[in-house]
Amino acid sequence: MFLWSTKQVVNYESIAHTARKRLNERIVCLFSLFLLIFFHLITYSWPFYKDNVVTFNSTNLTEEGLGCDIINEYWCKDLKQINVWVYYISICLCMGIAFPNINVTMNTLFSRMIGPRMQSREQGILELFGGLGRMLGPTLIGLLYHNYGPRPVWILEGTEILLMALFWVFFWKRLVPLKIPEEFNEIKNNC
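Letter by letter, the sequence shown follows residues -2 to 188 in this note's numbering.
So this is what it looks like as structure tokens:
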């Protein structure tokens, strides 16, 4: 594909895998959380932006209205427009980097913290809460958005991510793989 010789492919792949092993899961996950915070900061509808979103009145329409309906969404009046390029480039870069990295590093670290023992219950609980979040999150966020607009949604999400990053830093020394003392290994081997 890249016009590399067999030796070059093996060499470059080994470099990539070696670099991956040197990355600390805790650092990658924390960096990803900060990327999500950065996304929420640069895509927030700050009051100092100059342009308001386009609005329309749904009671006077003969065709489909474009923009924000000031009759159904009262919060449209003072909502500021975000640059479409900033929004879509940042969502692709920040979310595209952060979500996969958080998913991989968090699950890997969680498994390593539990150690070499049965993990089905703990992994099941982790998946349960992840599933509950994916099930309830869109409904609750949709209600919040419809009633109050995008600003409270961004504030809630940004606050949750910041809180998670603070917990991550606070528990930094505990987020390490399980180390079994040597005397326990000797007992296990003698049984």
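Beta carbons are placed, not taken as given, at the ideal position from N, Cα and C, and that holds for glycine.
Have a look at R109 and M92 and give me their C-alpha separation to the nearest angstrom.
For the purposes of this step, residue 109 is identified with residue 112 of the sequence shown, where counting begins at 1. For the purposes of this step, residue 92 is identified with residue 95 of the sequence shown, where counting begins at 1. R109 and M92 have their C-alpha atoms spaced approximately 25 Å apart.
Taking all protein chains shown into account, do 16 or more other C-beta atoms lie within 10 angstroms of the C-beta of F164, making it buried, or fewer, making it exposed?
As a position in the sequence shown, residue 164 is number 167, starting the count at 1. By the neighbour-count rule (16 or more Cβ atoms within 10 Å), F164 is not buried but exposed.
Cβ distance (whole Å) where K77 is taken to contact W43 below 8 Å:
As a working mapping, residue 77 is identified with position 80 in the sequence shown. As a working mapping, residue 43 is identified with position 46 in the sequence shown. Confirmed, about 6 Å.
With a threshold of 8 Å on Cβ separation, who are the neighbours of L175 within its own chain once the five nearest residues in sequence on each side are excluded?
The residue labelled residue 175 in the question sits at position 178 within the sequence shown. When the five nearest sequence neighbours on each side are left out, the beta carbons in the same chain lying within less than 8 Å of the beta carbon of L175 are those of R109, M110, I111, G112, P113, in order along the chain.
According to DSSP, residues forming a beta bridge with T52:
Locating residue 52 in the sequence shown gives position 55, counting from the first residue. Looking at the DSSP assignment, T52 forms a beta bridge with C65.
Enumerate in chain order the residues of its own chain whose CB-to-CB distance from I34 is below 8 Å, with the five nearest sequence positions on each side excluded.
Taking the first residue of the sequence shown as 1, we reach residue 34 at position 37. Excluding sequence neighbours, I34 sits near G155, I158, L159, A162.
Boundaries of the alpha helix (DSSP H) in which W151 is found, first to last residue:
Along the sequence shown, read from residue 1 onward, the residue named residue 151 stands at position 154. Run containing W151: 147 to 167, per the alpha helix (DSSP H) assignment.
In the DSSP assignment, find the unbroken alpha helix (DSSP H) run with M110 in it and report its ends.
Counting from one through the sequence shown, the residue named residue 110 turns up at place 113. For M110, the enclosing alpha helix (DSSP H) stretches over residues 93 to 111.
Contact check, Y84 vs W151, beta carbons under 9 Å
Start at 1 with the first residue of the sequence shown, and residue 84 comes out as number 87. Start at 1 with the first residue of the sequence shown, and residue 151 comes out as number 154. It is not a contact, given that the beta carbons lie outside the stated cut-off.
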